[in-house]
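Numbering (our numbering), first residue to last: 159 to 579. C-beta atoms are modelled at their ideal positions from N, C-alpha and C, and glycine is treated no differently. Okay, structure first, notes after.
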Amino acid sequence: MSGRPLMRWLPWLAGATLLVVVPAVFSQGFVRLLFAECAIMIVFALSYNLLLGASGMLSFGHAVYSGFGAYAAIHALNWIGRSHVPLPVTALPLVGGIGGLAAGVVLGFVSTRRSGTAFAMITLGLGELVAACWLMFPRFFGGEGGVPGNRTVGTPLFGVPGWNLGSDLQIDYVVGAWCFASVVAVRALLGTPLGRVANAVRDNPERAEFVGYSARQVRWLMLMAASFFAGISGALQALNFEIVSAENVGAVRSGEVLLATYIGGIGYFHGPILGAVVFVFFAVALSQLTKAWQLYLGMFFVVLVLKAPGGLAGVIARVAAQVRDGLVRQRARVLSAMGAAVALALCGLVLLVEMTYHRTLDATQGGSIVRVFWTDIDTDRAWAWVLALLPLVGGVLAFDWVRHREIGASQAPEARASRVE
159 MSGRPLMRWL
169 PWLAGATLLV
179 VVPAVFSQGF
189 VRLLFAECAI
199 MIVFALSYNL
209 LLGASGMLSF
219 GHAVYSGFGA
229 YAAIHALNWI
239 GRSHVPLPVT
249 ALPLVGGIGG
259 LAAGVVLGFV
269 STRRSGTAFA
279 MITLGLGELV
289 AACWLMFPRF
299 FGGEGGVPGN
309 RTVGTPLFGV
319 PGWNLGSDLQ
329 IDYVVGAWCF
339 ASVVAVRALL
349 GTPLGRVANA
359 VRDNPERAEF
369 VGYSARQVRW
379 LMLMAASFFA
389 GISGALQALN
399 FEIVSAENVG
409 AVRSGEVLLA
419 TYIGGIGYFH
429 GPILGAVVFV
439 FFAVALSQLT
449 KAWQLYLGMF
459 FVVLVLKAPG
469 GLAGVIARVA
479 AQVRDGLVRQ
489 RARVLSAMGA
499 AVALALCGLV
509 LLVEMTYHRT
519 LDATQGGSIV
529 RVFWTDIDTD
539 RAWAWVLALL
549 PLVGGVLAFD
559 WVRHREIGAS
569 QAPEARASRV
579 E
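Here it is, written out as structure tokens:
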């Protein structure tokens with residue numbers, strides 16, 4: 159019994175330790191950019207999962223709430239700078255949360271009147287409506303240039319001289335602290351009666367109505383909660399980049415959080431956290447290595463939805479269950495063979511994609527030579543394309559052969575038993 163509380167608190171302690179250690183240990187700007195982007199996307203994805211995972215509401219315009227939070231924070235930041243108001247800039251994410259909440263109150267009153275597909279279409283229309291307003295109201299949205307800001311204004315945190323968010327280390331700690339606080343708050347919200355009733359409305363709204371709960375009011379309350387945390391993520395993004403533009407409320411941003419949440423797994427609390435980290439890896443880290451990162455992200459998303467609808471969190475839960483049951487040890491050889499086949503096929507796929515991208519996009523600038531896997535490959539040579547096809551086809555065939563052998567081996571005892579009978 160003494161080990162169970164420790165295991166319950168271990169993920170929280172590990173997360174808090176990472177948020178403290180990573181900014182202090184890694185001084186490279188790229189690592190800190192990854193850290194801040196992951197923390198911001200984690201808050202954003204968790205807020206979205208309050209709608210999708212907890213309440214069953216698919217939204218195509220969630221960036222509206224994070225965008226309004228970002229604009230509220232950047233305008234408050236500029237107001238502090240102009241008026242010399244003695245307010246700490248570190249409290250601006252709360253202002254962003256209030257801005258997102260205000261948008262959620264107004265827009266949620268309209269959108270939550272319907273559920274299911276109708277709700278999704280309403281959010282899509284509202285998102286496009288807000289995105290179209292950036293040229294109509296340039297004083298608020300900043301027009302094409304956006305609204306810049308300076309996060310070093312205001313009073314230092316706790317009155318400590320030099321703590322004015324001027325350095326990357328300071329902003330990383332502020333972003334990490336707000337991320338951790340938001341994760342704790344979302345987890346607490348899901349354990350409240352409102353969170354439980356939202357699950358009931360998601361699963362069976364008619365039955366929830368029958369026992370006395372208003373499904374529409376529950377959806378509205380959950381949307382307001384989601385918009386509050388989305389506003390916090392938008393404010394953190396505004397402080398991190400010191401500028402807010404129309405992209406913050408656009409459909410692309412809404413699609414990003416949808417992908418991140420689904421990749422992680424909407425049925426698990428930690429799913430959006432995993433999905434946010436993976437999405438940032440694709441969007442920030444992988445984009446530095448290849449122009450085809452969006453293609454890889456799309457293929458990864460499609461395969462995950464087809465083969466693992468529960469997302470990465472579902473895959474981890476399934477593997478953990480098999481480890482506890484001893485199935486992984488029994489199937490170690492089969493799983494190793496499948497993993498090797500998948501790795502071989504992925505190598506061939508990457509070769510083909512990179513060669514095709516170079517052939518169509520970069521051939522006029524860099525000639526016919528493309529560097530993949532630390533090797534220079536001439537895309538003008540036919541043998542190069544054959545060598546790329548071989549591992550792809552071989553990996554697919556090997557995986558299919560191993561899978562069929564595994565199916566045959568699992569069915570053999572049943573066939574022998576039926577013959578004996």
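Secondary structure at Asp-330, three-state DSSP: helix, strand or coil?
Residue state, collapsed to three classes: helix.
Please confirm whether Ala-434 and Ala-450 have their CB atoms less than 8 Å apart.
No, these two residues do not count as a Cβ contact at 8 Å.
For Ala-261, which residues in the same chain have their Cβ closer than 7 Å to its Cβ, ignoring the five residues on either side in sequence?
Result list for Ala-261: Val-222, Tyr-223, Phe-226, Ser-385, in chain order.
Is Gly-175 buried or exposed, if buried means 16 or more other CB atoms sit within 10 Å of its CB?
For the sequence presented, residue 175 should be read as Thr rather than Gly. The residue is exposed, with fewer than 16 neighbouring Cβ atoms inside 10 Å.
Compute the Euclidean distance between the alpha carbons of Tyr-206 and Leu-504, then round it to the nearest angstrom.
Using only the alpha carbons, I get a separation of about 31 Å.
Considering just the uninterrupted stretch of the alpha helix (DSSP H) at Val-442, what are its terminal residues?
Element bounds for Val-442: n/a, residue is neither H nor E.
Measuring alpha carbon to alpha carbon, tell me which residue in Met-165, Gly-301, Ser-241 is nearest Val-407.
Comparing Cα positions, the closest option is Gly-301.
So, helix, strand or coil for Asp-534, using DSSP?
Reduced to three states, the DSSP call for Asp-534 is strand.
Just tell me which of Val-178, Tyr-420, Ala-249 has its CA closest to the CA of Leu-327.
Comparing Cα-Cα distances from Leu-327 to each of Val-178, Tyr-420, Ala-249, the minimum goes to Val-178.
Have a look at Arg-354 and Pro-430 and give me their C-alpha separation to the nearest angstrom.
Computed Cα separation, rounded: 19 Å.
Quick check: what's the CA-CA separation for Val-189 versus Ala-373?
Cα to Cα, Val-189 sits roughly 44 Å from Ala-373.
Counting only runs of 4+ residues fully inside the segment 251–324, write out the alpha helix (DSSP H) ranges in chain order.
Listed in chain order, they are 274–289, 296–299.
For Leu-208, count the other beta carbons within 10 Å of its own beta carbon; 16 or more makes it buried, fewer makes it exposed. Which is it?
So Leu-208 ends up on the buried side.
Whose CA, out of Pro-306, Leu-432, Val-530, lies closest to the CA of Tyr-229?
That would be Pro-306, whose Cα lies nearest to the Cα of Tyr-229.
Would you tell me roughly how many angstroms separate the C-alpha atoms of Trp-541 and Leu-548, rounded to the nearest one?
C-alpha separation (whole angstroms): 10 Å.
Met-165: buried (16+ other C-beta within 10 angstroms of its C-beta) or exposed?
With fewer than 16 other Cβ atoms within 10 Å, it is exposed.
Tell whether a beta-carbon distance below 8 Å holds between Phe-437 and Met-199.
Cβ distance < 8 Å, so Phe-437 and Met-199 count as in contact.
Give the DSSP-derived three-state secondary structure of Arg-577 in the structure shown.
Residue placement at Arg-577 cannot be trusted, given a pLDDT of 49 that sits under 50; what the coordinates show is reported in the next sentence. Arg-577 falls in the helix class under three-state DSSP.
Thinking Ser-217 and Ala-278 are a contact (beta carbons under 8 Å), I'd like their distance in whole angstroms, please.
Confirmed, Cβ separation roughly 7 Å.
By DSSP's criteria, Pro-549 is part of a beta bridge. Which residues make up the other side?
Bridge partners of Pro-549: none, in fact.
Just checking, does the segment 343–350 make contact with the segment 232–252 on the three C-beta pairs under 8 Å criterion?
No, because fewer than three Cβ pairs between the segment 343–350 and the segment 232–252 fall closer than 8 Å, the two stretches do not touch.
Could you pull the DSSP bridge partners for Val-528 from this structure?
Note: Val-528 sits in a beta bridge opposite Ile-535.
From what residue to what residue does the alpha helix (DSSP H) around Thr-514 run?
Looking at the DSSP string, the run of the alpha helix (DSSP H) that includes Thr-514 is 490–515.
In this structure, how does DSSP classify Val-341 when only helix, strand and coil are distinguished?
Residue state, collapsed to three classes: helix.
Do you know offhand how far Ile-238's Cα is from Ala-231's?
When rounded, the distance between both Cα atoms is 10 Å.
Let me check one thing: in DSSP terms, what residues is Val-402 bridge-paired to?
Beta-bridge pairing links Val-402 to Val-305.
Who are Pro-246's beta bridge partners in DSSP?
Paired residue(s): Thr-313.
Going by the C-beta, is Gly-433 closer than 7 Å to any heavy atom of the ligand COA?
This structure lacks the ligand COA, and indeed carries no ligand of any kind.
With DSSP run on the structure shown, which of helix, strand or coil describes Thr-350?
In this structure, Thr-350 counts as coil in the three-state DSSP scheme.
Taking only three categories from DSSP, how would you classify Gln-186?
Residue state, collapsed to three classes: coil.
Applying the criterion that 16 or more other CB atoms from any shown protein chain within 10 Å of the CB defines a buried residue, is Gly-553 buried or exposed?
Burial call: buried.
According to the neighbour-count rule (16 or more other Cβ atoms, all chains shown, within 10 Å of its Cβ), is Ser-531 buried or exposed?
Looking at the sequence shown, residue 531 is not Ser but Phe. Under this definition Phe-531 is an exposed residue.
I'd like to check one pair, Val-560 with Ala-495: are the Cβ atoms closer than 8 Å?
Going by C-beta atoms, Ala-495 is nearer than 8 Å to Val-560.
For Ala-498 and Phe-298, I'd like the C-alpha separation in whole angstroms.
Looking at the two C-alpha atoms, the distance is approximately 54 Å.
When burial is assigned at 16 or more other CB atoms within 10 Å of the CB, is Val-201 buried or exposed?
Buried: at least 16 other Cβ atoms inside 10 Å.
Rounded to the nearest angstrom, how far is the Cβ of Gly-219 from that of Leu-293, given a contact under 8 Å?
With a Cβ gap of about 18 Å, Gly-219 and Leu-293 do not count as contacting.
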